[in-house]
Amino acid sequence: MAQSKVREILRSEESNKEKFDYLWSYYKTHVIVGILALLFSGYLFVDWLNRPITYFHLTVLAPEVLFEEEEPLSRDLTEILDPQEDNETVYASFTPHGQLAERFSAQFTAAEYDVILMDEFSFGEYSEYETMQEFRITGMDEDEYYSSDMYDDPVGIDSEHFPLFEDYTTTQDLIVVIPGNTTRRDRVIEFFNEQGFELEFIDN
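For the sequence shown, the working numbering begins at -2 and goes up steadily by one.
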């Protein structure tokens, strides 16, 4: 029906201006909706291209945390790791024991974390689920590692070994572990290297 109407208008004896006026009045709504749809699609595409991409995510699970230290630690991590793309983001996030621990568990399961600092109680709980990555550090003595009966090799070291954590109250007296489901192993190695460690993943 619409095509017939267009043919009728185009074949008429009217002037080009009158034909355009007819077509515009007939298809004005369609054209406007189409342009708006294109503009909105373009906005969504550009927004998708510029979305933040996690370069590295370090998190803390402990009985008490100081949330005001999250941002400074994130800045220090960004300076150390120096991501090259503008939309690559380095995160530090803190989770105290309690209701927020459910969010931590969900993000842990979703492989959002690359390095985790946790207290001994949390270490005892999470190490039972075989969710941690076994590793060794060149030159580190055996008695400096944290181990678990669920693993053949070490899965943690004390946070005091890391120069970065010396200036933060939240990161004191914790155990540094690597989640077994991290998808950014190269960034984990980079982080350890920047802290003076040569890291070896152990996969059984």
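Even glycine gets a Cβ: it sits at the ideal position worked out from N, Cα and C.
* **Meets three-Cβ-pair contact criterion under 8 Å: the segment 133 to 140 and the segment 160 to 169** => no
* Is Phe120 close to chain C, meaning its C-beta is less than 8 Å from at least one C-beta of that chain? -> This model lacks chain C altogether, as it is built from one protein chain only.
* When you compare each of Phe91, Leu161 and Ile199 to Ile175 by their alpha carbons, which one comes out closest? -> Ile199
* Is it buried or exposed for Gly31, if we count other Cβ within 10 angstroms and need 16 for buried? -> exposed
* Asked: Between the segment 98 to 111 and the segment 51 to 67, do at least 3 Cβ pairs fall closer than 8 Å?
  -> yes
* Pick helix, strand or coil for Glu163, following the three-state DSSP scheme. => helix
* Asked: Leaving out five residues before and five after Arg181 in sequence, what residues of the same chain have Cβ atoms less than 6 Å from its Cβ?
  -> Asp111
* Three-state secondary structure (DSSP) of Arg184 -> helix
* To do: State the Cα-Cα distance for the pair Glu68 and Ala89, rounded to the nearest angstrom.
  => 7 Å
* Phe189 versus Pro93 - alpha carbon distance -> 25 Å
* **Asp155 - DSSP class collapsed to helix/strand/coil** => strand
* To do: Starting from Ser102, trace the alpha helix (DSSP H) both ways and give me its first and last residue.
  => Ala98 to Thr106
* With burial defined as no fewer than 16 other Cβ atoms inside 10 Å of the residue's Cβ, what is the status of Pro160: buried or exposed? -> exposed
* With distances taken from CA atoms, which of Ser144, Met147 and Asp170 is nearest Asp155? -> Asp170
* **Alpha carbon of Tyr123 to alpha carbon of Arg133, nearest angstrom** => 19 Å
* Please report the residue range of the alpha helix (DSSP H) in which Tyr123 lies. => Glu117 to Tyr123
* Asked: According to DSSP, which residues form a beta bridge with Ile172?
  -> Met115 and Asp155
* Asked: Should Ile172 and Met129 be called a contact, given that it needs their Cβ atoms to be closer than 8 Å?
  -> no
* By how many angstroms is the C-alpha of Pro151 removed from the C-alpha of Thr86? -> 29 Å
* To do: Express the C-alpha separation of Glu66 and Phe42 in angstroms, rounding to a whole number.
  => With a pLDDT of only 45 at Phe42, under 50, the local geometry of the prediction cannot be trusted, and the value read off the model is given with reservation. When rounded, the distance between both Cα atoms is 34 Å.
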